[in-house]
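Residue numbers (the numbering used here): 179 to 650. Working notes for the structure below.
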Ligand code: FAD
Ligand code: MLT
Ligand code: ZN
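Encoded structure:
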């Protein structure tokens, strides 16, 4: 059967795009965090939607499960196959054409394998901003961003990947191509299929292309780092910026002292320019379409007001682009610093801003009482209520033993708190194979059953990324 399948794939793809040797498959088999390693019958590398459709038809006929993969930067193991060795990985990395930049419509039509940073650069060459921005942008791909509904650092102003998407092209589970490549900002023709596929993590269809929104490039951006003493004043500061800067506020990222301790340790060249390791360091960015002076004066006025009302205790404004970039690098390297430190227990959660203060103080206290010495590495996109609330073992502890013994109860404690605050157990990273049980426990029974019905309707043979998101 395996040989038959591979012979038939050979009629669709040149054999150099059908990887079957262990060494060739290896880079596709383990997730970015090294949490999951699977096996695969083959890694398939199509270059057109028609080839993807032909592969899916073949898989439907042979009941072969497909694991779609983009840049393989996902943090929940969604792009890693299981241990059976019977699944195929479908990598979209050769589908990297930008089909069109429609200047009048302010949209870009592009294939799933386009790397996010390349899209930003191509848009900028035409005077446009493509606002999706995240630490993995040098290797993640737009198909993966859409499949995970990625968030990142600009969500508070431009929304998540879903909000940036106007149209999709998708290969369905029976190998048909749905052409929804319309760059429309209004389209009320029944159920929104696009919204079903965005965020479905490869379980409902293979995204082969998309139409995404573009925005005018700002004339000027100003970036500042400020020190706050507690979370309540940080939220009050966010509200102040929201009131005074309104849509000019494009970034509001929070980093705790413990998060930046890891930066000091692993990337000392990126040290925090704020003196004295404040409890909270906040990275704030304003973007303006009027003038340099306009935004600079506005930023200075807001910071002055914040200092006077004692919401902040210190501030450094980036004096040039390179310093602004260094602020962002410090923020974006926390994930890498954590990966170098040791495996930690990650929680990518959202809490309504009104409950955030309570969540942090109560959860910190519970965790510290139950697990003395643990380090709470809490940072995130505070502007949209998204915390990366990670728990690392005590310094010097055997992290493998710690995580094995405590992973489940730590998750349960934190997700219980999230539920009490009406939050979400996955803000932007998705579910993949990591959070299937948590999703079942926290999504609510009715919603979970509806999700299963959708999966069964769109993928009745269960060949698209089985056992991801849902346990089926
Ligand atoms: P992959 O990892 O390859 O796949 C992710 C999921 O999508 C899998 O389930 C896969 O099967 C599915 N998939 C991929 N392509 C397709 C397709 N064409 N059709 C259907 N399904 C598909 N995420 C955020 O949201 N915000 C952040 O700020 C952020 N920062 C990060 C920083 C670092 C350093 C790292 C390593 C990751 C970060 N991530 C972040 C997570 C990750 O980058 C995003 O989830 C990203 O969107 C994944 O894209 P990818 O191309 O790597 O997808
Ligand atoms: C981030 O905001 O840096 C990412 O979501 C990655 C992470 O949570 O580690
Ligand atoms: Zn994030």
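All C-beta atoms, glycine included, are put in the ideal place defined by N, C-alpha and C. Model, not experiment: these values are computed from the prediction.
- Judged by the Cβ position, residue 566 qualifies as a neighbour of the ligand MLT at the 6 Å threshold, a heavy atom of the ligand being closer than this.
- If you look at residue 402, you'll find it isn't in any alpha helix (DSSP H); it sits in the beta strand (DSSP E) that goes 398–406.
- If you check the C-beta of residue 506 against the ligand FAD, you find no heavy atom less than 6 Å away.
- When DSSP states are grouped into helix, strand and coil, residue 475 belongs to the helix group.
- For residue 450, the closest C-alpha among the options 486, 494, 425 is that of 494.
- As the crow flies, the alpha-carbon of residue 437 is around 6 Å from that of residue 556.
- Taken from the Cβ of residue 384, at least one heavy atom of the ligand FAD lies inside 6 Å.
- Around the C-beta of residue 524, 16 or more other C-beta atoms lie within 10 Å, and the residue is accordingly described as buried.
- Burial of residue 301 is indicated by the presence of at least 16 other C-beta atoms within 10 angstroms of its C-beta.
- The alpha helix (DSSP H) runs lying completely inside the stretch 236–321 and spanning 4 residues or more are 294–303, given in chain order.
- Under the three-state reduction of DSSP output, residue 497 falls in the coil class, being neither helix nor strand.
- Proximity to residue 578 across 522, 612, 225 peaks at 522, based on C-alpha coordinates.
- Distance from the CA atom of residue 414 to the CA atom of residue 535, rounded to whole angstroms, is 11 Å.
- Where residue 465 is concerned, the enclosing beta strand (DSSP E) starts and stops at 458–466.
- Excluding sequence positions up to five before and after residue 645, its CB lies within less than 8 Å of the CB of 260, 611, 614, all in the same chain and listed in chain order.
- Between the beta-carbon of residue 422 and that of residue 480 there is about 5 Å, and that keeps the pair under the 8 Å contact cut.
- Per DSSP, residue 412 lies in no beta strand (DSSP E); the unbroken alpha helix (DSSP H) holding it starts and ends at 409–423.
- Secondary structure at residue 508: helix, using DSSP grouped into helix, strand and coil.
- Relative to the ligand FAD, the beta carbon of residue 356 is positioned no closer than 6 Å to any heavy atom.
- Under DSSP, residue 391 takes part in a beta bridge, and its partners are 285.
- By the Cβ test, the stretch 384–391 is in contact with the stretch 308–323, since at least three Cβ pairs between them sit closer than 8 Å.
- Here the distance from the Cβ of residue 325 to the nearest heavy atom of the ligand FAD is below 6 Å.
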